[in-house]
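Undergrad: Provided herewith is a single structure, encoded as structure tokens, for subsequent inquiry.
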Amino acid sequence: MRGKHTGMWPNRREALWLTAASVLFGGLDLLVHGMSPPTTGWTGPHAALLLQLSVDVSLLFLARFPVQVASWALAVAVLMLVSEEFAPGLFTPVQPAAHTALPFATPAITTNLVRLTDRRRAFLLIGLLAVLGTRPWHPSWDITPLGVVNTVLPALAALYLHARRELLNSLRERAERAERE
Numbered sequence: 003m004r005g006k007h008t009g010m011w012p013n014r015r016e017a018l019w020l021t022a023a024s025v026l027f028g029g030l031d032l033l034v035h036g037m038s039p040p041t042t043g044w045t046g047p048h049a050a051l052l053l054q055l056s057v058d059v060s061l062l063f064l065a066r067f068p069v070q071v072a073s074w075a076l077a078v079a080v081l082m083l084v085s086e087e088f089a090p091g092l093f094t095p096v097q098p099a100a101h102t103a104l105p106f107a108t109p110a111i112t113t114n115l116v117r118l119t120d121r122r123r124a125f126l127l128i129g130l131l132a133v134l135g136t137r138p139w140h141p142s143w144d145i146t147p148l149g150v151v152n153t154v155l156p157a158l159a160a161l162y163l164h165a166r167r168e169l170l171n172s173l174r175e176r177a178e179r180a181e182r183e
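Read in order, the letters of the sequence shown are residues 3 to 183 in my numbering.
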């Protein structure tokens, strides 16, 4: 597994980035919650906000536990989807301000899954999130494109940037070797 380190974060830049992402997504969740009606189930009026914020806070642990954070986001997505399909108002508002089946922090999670874990595990979790986010059983112009943008596109961008960085490093190494010879 890539990304093994002993502290909570591998470096100060990573800690700053994850903290900023957590605050940014938390602010987005507060904004959307303020524009949405409250949840009406036995879970209370702020159930949707608490679920979203729990994923935002979990971003702080993303560098150390990427699979667990992604699994938590997946569990929250399942709760949101089950609520929306079978018990409207329980974990999501009946008329939400934003139609999404995924936590807003999903792009940060999928990007880091590709970067920090082995490809098989990353693709499995991203695939599950993509299926929940796109809802192929109920295709909709409101939800399906947003599901792809939140899951597949960040993962592809991370893969591209990783491949590009490896290519540049190998070209630099070749040039240095040729110069030495």
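Backbone N, C-alpha and C define an ideal beta-carbon position, used for all residues, glycine too.
Using 10 angstroms around the beta-carbon of M3, count the other beta-carbons present and answer buried if the total reaches 16, otherwise exposed.
TA: Here residue 3 refers to the residue found at position 1 of the sequence shown. Bear in mind that a pLDDT of 45 at M3, under 50, signals an unreliable position, so the model cannot answer this.
Undergrad: Measuring alpha carbon to alpha carbon, tell me which of S38, R176, T21 ends up nearest S60.
TA: Here residue 60 refers to the residue found at position 58 when the sequence shown is read from its first residue. For the residues S38, R176, T21, the minimum Cα distance to S60 belongs to T21.
Undergrad: Which same chain residues, not among the five before or five after G43, have their C-beta less than 6 Å away from its C-beta?
TA: For this step, residue 43 is matched to residue 41 along the sequence shown. So the qualifying residues of the chain are G91, L92.
Undergrad: Using alpha carbons as the reference points, say which of G46, L53, P39 lies closest to F27.
TA: Counting from one through the sequence shown, the residue named residue 27 turns up at place 25. Among G46, L53, P39, the Cα nearest to that of F27 belongs to L53.
Undergrad: CA-CA distance, A184 and P40?
TA: The question about residue 184 has no answer, for the chain in this structure spans 3 to 183.
Undergrad: Take S56 and list the residues in its own chain whose beta-carbon comes closer than 8 Å to its own, dropping the five residues that flank it on each side.
TA: Translated into positions along the sequence shown, residue 56 becomes position 54. Result list for S56: W74, V78, in chain order.
Undergrad: Quick one: what does DSSP say M3 is sitting in, helix, strand or coil?
TA: Residue 3 sits at position 1 when you count from the first residue of the sequence shown. Confidence at M3 is low in this model, with a pLDDT of 45, below 50, so its placement is unreliable and the value that follows should be read with caution. Residue state, collapsed to three classes: coil.
Undergrad: S38 and P98 - do their beta-carbons sit closer together than 8 Å?
TA: Here residue 98 refers to the residue found at position 96 of the sequence shown. Here residue 38 refers to the residue found at position 36 of the sequence shown. A contact, by the Cβ cut-off of 8 Å.
Undergrad: Mind the definition here: the segment 113-133 touches the segment 81-90 only if three or more C-beta pairs lie below 8 Å; say whether that holds.
TA: With a cut-off of 8 Å, the segment 81-90 and the segment 113-133 do not count as touching, because too few Cβ pairs lie within range.
Undergrad: Let me confirm a value: R176 is counted as buried when at least 16 other C-beta atoms fall within 10 Å, else exposed. Which label applies?
TA: Working through the sequence shown from its first residue, we reach residue 176 at position 174. The residue in question, R176, is exposed, as its Cβ has fewer than 16 Cβ neighbours within 10 Å.
Undergrad: State yes or no: is the C-beta of H101 within less than 8 Å of the C-beta of D31?
TA: Walking along the sequence shown from the start, residue 101 turns up at place 99. Walking along the sequence shown from the start, residue 31 turns up at place 29. It is not a contact, given that the beta carbons lie outside the stated cut-off.
Undergrad: Return helix, strand or coil for F125, following the three-state DSSP convention.
TA: For the purposes of this step, residue 125 is taken as residue 123 along the sequence shown, with counting starting at 1. Reduced to three states, the DSSP call for F125 is helix.
Undergrad: Output the distance between the C-alpha atoms of W19 and L158, rounded to the nearest integer angstrom.
TA: Translated into the one-based positions of the sequence shown, residue 19 becomes position 17. Translated into the one-based positions of the sequence shown, residue 158 becomes position 156. Distance between the alpha carbons of W19 and L158 is about 20 Å.
Undergrad: How long is the line joining the alpha carbons of A203 and R179, rounded to whole angstroms?
TA: Missing from the structure shown is residue 203; the chain here goes from 3 to 183 and no further.
Undergrad: So, under 8 Å CB-CB, L115 and P68 are touching, yes? Tell me the CB distance rounded to an integer number of Å.
TA: Position 113 of the sequence shown holds residue 115. Position 66 of the sequence shown holds residue 68. 6 Å between Cβ atoms; contact.
Undergrad: Using DSSP with H/G/I as helix, E/B as strand and the rest coil, what is R182?
TA: Locating residue 182 in the sequence shown gives position 180, counting from the first residue. R182 falls in the helix class under three-state DSSP.
Undergrad: Give every residue of the same chain whose Cβ lies closer than 6 Å to the Cβ of M10, excluding the five residues on either side of it in the sequence, and list them in chain order.
TA: Stepping through the sequence shown from its first residue, residue 10 is reached at position 8. Within the same chain, M10 has close Cβ partners R66.
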